[in-house]
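The sequence shown runs contiguously to residue 384 in this note's numbering. Every residue, glycine too, gets a C-beta built ideally from N, C-alpha and C. Predicted, not measured: the structure shown is a model, and the values here were computed from it. Notes for the one structure printed next.
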Amino acid sequence: MTCKKDYLKKLLQPIAFPGGRALPSRILPGPMEGIMTKEFCQAMLEFDLLPAWITPFIRISRGTPRAKKLDGRLTPFRPLPIIAQIMGTYREHLAATTKILSGFDGVVGVELNCACSSNTVIRSGAGSSQLREPEWIRDTLLKMRESSAGGGIGVKIRSGFESPEELPRILEAVSAARPDWIVLHYRTGREMFRNVPDGHERLRTARRLLPDTFLFGTGDLFSAEQALEMVRETSVDGITPARGLMHNPWLIRDIEAACRGETPPERDVTPFLLRLIELVSVNPKGRHGLILEITRNIWGRESERFKALASDTRPSAMVKIISSANFEHRTSNVQY
Ligand SMILES: Cc1cc2nc3c(=O)[nH]c(=O)nc-3n(C[C@H](O)[C@H](O)[C@H](O)COP(=O)(O)O)c2cc1C
């Protein structure tokens, strides 16, 4: 794969935030609540698979969590630079939490989640349901900035709650708060994870309306080819692949290689899964369903391999099934 294009090399450059803090590059893992457990993070760190983290959301409700508790939430992500993501409806607690998080070593920024579309979150008025009131997002970002001890303030949004036609109004309000970045998941809240044919078109709209705001694109990045295609077609400044990391935990490293014009090597997910099983099995509080959730994503619910794993979830049985399979994740030699 050859890609000596400057716009791709730029993805490998740092992003500077207020207060001298910075992210090392612009290809970051999309947060995944429930998947990015302590064990998943440890395995990703041990295999050296990413440059920094955006954490899954920390839910803020009627109170401001204590500093010790918040620090504990960040422990699995250390020692890499961290964008801490928060979600909630109480502006004063979101701002007070921003103050605490931004004061921690290693936190380069705080991000407000206005993108989550789970039914529980929407019912509570948080996540993507806040896209129905973009001025609330604007005012909350301003308060977060006011309270911040330094570093960046960003927001994750979708292209609308009901319809992508809401996007211009959302962007107008959100950009008035001058966030350091916006992450745009191109689906609407209602679309949840359904396929949308015009995802890149929606990102292009955002790019056109906000030429000077740092824009991360997210949605269906499962290979280096898809990542480079998104950047080429939409001119986003950065990307945050999420579910693709379950299919190929090396995905970020592969995209980085493709941006340098190198061909990513073939990958075999087996050693990663075996280490994950080991880490989960030695932790009495480990989430055993994690391995099933990841393998379901890789091989599909109907695959013989997944069915075999689901029928016997003892670690020793899972190790046997996974070791007996030889699955490689190939990246094609498409020219860029
Ligand atoms: C299991 C799961 C949990 C997620 N949790 C979060 C989260 O906590 N915060 C967030 O901003 N996005 C979350 N997302 C959304 C992803 O970060 C990403 O934006 C979305 O999945 C689209 O990217 P993809 O198609 O590459 O997965 C989650 C997605 C999944 C599948």
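Asked                                                                                                                                                               : Found
Leu189 by DSSP, collapsed to three states: which one?                                                                                                               : helix
Is it true that the CB of Ile134 sits closer than 9 Å to the CB of Phe7?                                                                                            : Residue coverage of the chain in this structure runs from 49 to 384, which leaves residue 7 outside it and unanswerable.
Phe320 lies in the alpha helix (DSSP H); which residues open and close that run?                                                                                    : Thr318 to Val330
Quick check on the DSSP output: the alpha helix (DSSP H) that includes Gln274 runs from which residue to which?                                                     : Ala272 to Thr282
Where does Asn167 sit, in a helix, a strand or coil, going by DSSP?                                                                                                 : helix
Over what stretch of residues does the beta strand (DSSP E) that includes Ile131 continue unbroken?                                                                 : Ile130 to Gly136
Work out the CA separation of Ser195 and Ser359 for me, nearest whole Å.                                                                                            : 50 Å
Taking C-alpha atoms, which residue in Val330, Arg242 and Ala305 lies nearest to Ser271?                                                                            : Ala305
Just mark Phe241 as buried or exposed, buried being the case when its beta carbon has 16 or more other beta carbons within 10 Å.                                    : exposed
Kindly examine ligand 1 and report whether one of its heavy atoms sits closer than 8 Å to the Cβ of His141.                                                         : no
DSSP beta-bridge partners for Thr266?                                                                                                                               : His233
Which word fits Lys25, buried or exposed, when buried means at least 16 other C-beta atoms lie within 10 angstroms of its C-beta?                                   : Only positions 49 to 384 of the chain appear in the structure, and residue 25 is not among them; the question remains open.
For Arg344, I'd like the list of residues in its chain whose CB is within less than 6 Å of its CB, leaving aside the five on either flank, ordered along the chain. : Phe354
Taking 9 Å as the threshold (C-beta atoms), are Glu87 and Arg335 in contact?                                                                                        : yes
Which class does Trp184 belong to by DSSP, given the choice of helix, strand or coil?                                                                               : helix
If we ignore side chains and look at the alpha-carbon of each, how far apart do Leu357 and Gly78 end up?                                                            : 26 Å
Just mark Gln178 as buried or exposed, buried being the case when its beta carbon has 16 or more other beta carbons within 10 Å.                                    : buried
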